[in-house]
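These notes are about the structure you will find just below.
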Amino acid sequence: MAAVSRANLGAWLITVNPRLTDVVSMIAAGDLGGEWCVAPNYRTALMQPGDPIVVWVSAGGGVGPGRGVWGVGEVTGRPGEGTDPADRRLHVPTRITALPRPVTADECRASADLAGLEVLRSPQQSNPLFLTRQEWAALAPRTPRMPGLPW
186 MAAVSRANLG AWLITVNPRL TDVVSMIAAG DLGGEWCVAP NYRTALMQPG DPIVVWVSAG
246 GGVGPGRGVW GVGEVTGRPG EGTDPADRRL HVPTRITALP RPVTADECRA SADLAGLEVL
306 RSPQQSNPLF LTRQEWAALA PRTPRMPGLP W
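My numbering numbers the first residue of the sequence shown as 186 and each following residue consecutively.
In structure tokens form, the structure reads like this:
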């Protein structure tokens with residue numbers, strides 16, 4: 186697959202390990218937004234306010250709610266140092282709404298348009314991962330319309 190660029194970017198994808206982050210409570214509250222850690226790489230440098238972003242919950246060894254897309258939203262600012270001065274990692278600010286029902290990993294694998302998702306091919310990769318324009322076009326209609334977002 187080609188490297189991500191502004192030309193082929195459909196949406197960013199943040200993976201969340203439920204053993205490390207209480208994503209179950211976040212989903213129950215309906216809000217997966219906030220600051221998410223991202224690697225200091227060329228992808229992070231491409232992130233811009235207004236970009237679509239999805240949250241993918243990883244397997245978590247039975248701790249989490251199940252693998253799949255659990256939230257959709259948008260990047261709200263440029264990546265930078267987080268609000269905690271002791272945490273020097275890069276963070277990207279987001280507004281992400283939890284889905285009432287996920288788009289599961291099994292559903293993605295069963296879809297010709299989503300079976301090639303980077304998160305399925307390379308689940309160990311650092312944030313941010315990405316969806317191509319075609320993958321985002323296939324995923325977006327499977328999620329409820331979120332107020333204030335253009336999709």
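By construction, the Cβ of each residue, glycine as well, lies at the ideal position given by its N, Cα and C atoms.
C-alpha gap between R204 and V248, whole angstroms: Cα atoms of R204 and V248: separation of roughly 6 Å, rounded to the nearest angstrom.
Reference M232, options C293, V260 and D291, closest by Cα: Nearest option by C-alpha distance: V260.
C-alpha distance - G256 paired with A283, whole-angstrom precision: Their Cα atoms are separated by approximately 4 Å.
Residue environment, T200, which counts as buried when at least 16 other CB atoms sit within 10 Å: Around the beta-carbon of T200, 16 or more other beta-carbon atoms lie within 10 Å, marking it buried.
Start-end ranges of the beta strand (DSSP E) lying completely within the stretch 251-320, minimum 3 residues: Restricted to the stretch 251-320, the beta strand (DSSP E) segments that are unbroken, complete and at least 3 residues in length are 253-260, 275-289 and 314-317, listed in chain order.
Helix, strand or coil at T229 according to DSSP, with G and I counted as helix: DSSP places T229 in helix when its eight states are reduced to three.
Rounded C-alpha distance that separates G245 from C222: Going by the C-alpha atoms only, they are around 18 Å apart.
Range of the contiguous beta strand (DSSP E) that encloses V239: Segment P237 to V242, the beta strand (DSSP E) holding V239.
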